[in-house]
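Take any residue in the sequence shown, note its place counting from 1, add 60, and you have its number in my numbering.
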Amino acid sequence: MTSLEAIGDLMNRIGFRRDSIDGATVWELPVAPHVVNISGGLQGGLTATLIDIAAGSAAIESRPPGTGVVTSDLNIRYLRAITSGVARAQARIVHSGARSTVVEVEVRSEPDGVVAVIATANFAHVGFPGMGEPPTAD
């Protein structure tokens with residue numbers, strides 16, 4: 061099993077899923093007993109992972125072939141607990157330069173649509189083996 065297959069298997073076991081709403085890519089995590097904290101809300105670290113996945117997907121899809129991204133900074137504001145339904149993360153690129161991409165993410169509690177978390181993620185552009193080198197200037 062490759063590392064990509066292993067992380068995909070882990071994401072599936074936890075319950076992360078990719079979807080499309082009105083043409084926009086979103087990532088979701090259903091609230092279930094194995095993903096909540098002792099207060100019954102979606103565990104904060106898993107919410108952060110949901111944000112990183114959604115933002116990273118948007119960032120990597122905006123990059124040219126031969127470059128990748130790695131998270132360089134993640135700022136999260138938890139506004140309210142998500143205790144039922146689904147946490148839905150939608151990402152929007154606010155900056156994409158030669159060396160970095162900045163993405164804003166809103167996480168809503170569904171089906172009520174209430175904003176529960178807002179975040180900003182910064183990604184550094186990198187080259188991976190076999191992908192070539194990333195650009196060197198913004």
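Where is the CB? At the ideal position from N, CA and C, for every residue including glycine.
Within the region 94-160, the complete beta strand (DSSP E) runs of at least 3 residues fall at 128-138, 146-156.
A residue is called buried when at least 16 other Cβ atoms come within 10 angstroms of its Cβ; ALA119 meets this threshold and is buried.
Inter-segment contact for the region 82-99 and the region 137-147 is present: three or more beta-carbon pairs are separated by less than 8 Å. The continuous beta strand (DSSP E) containing ASP79 extends over residues 77-81.
The Cβ atoms of ALA184 and VAL165 lie no closer than 8 Å to each other. Collapsing the DSSP output to three states places ALA84 in a strand.
With distances taken between CA atoms, GLY173 lies nearest to ILE142 out of ILE142, ARG123, VAL154. In summary, VAL130 is exposed, with fewer than 16 beta-carbon neighbours lying within 10 Å of its beta-carbon over all protein chains present. VAL177 is positioned such that its CB atom lies closer than 8 Å to that of THR107. Rounded to whole angstroms, ASP112 and ALA181 show a C-alpha spacing of 7 Å. Partner residues in the beta bridge of VAL163, as assigned by DSSP, are ILE153, ALA181.
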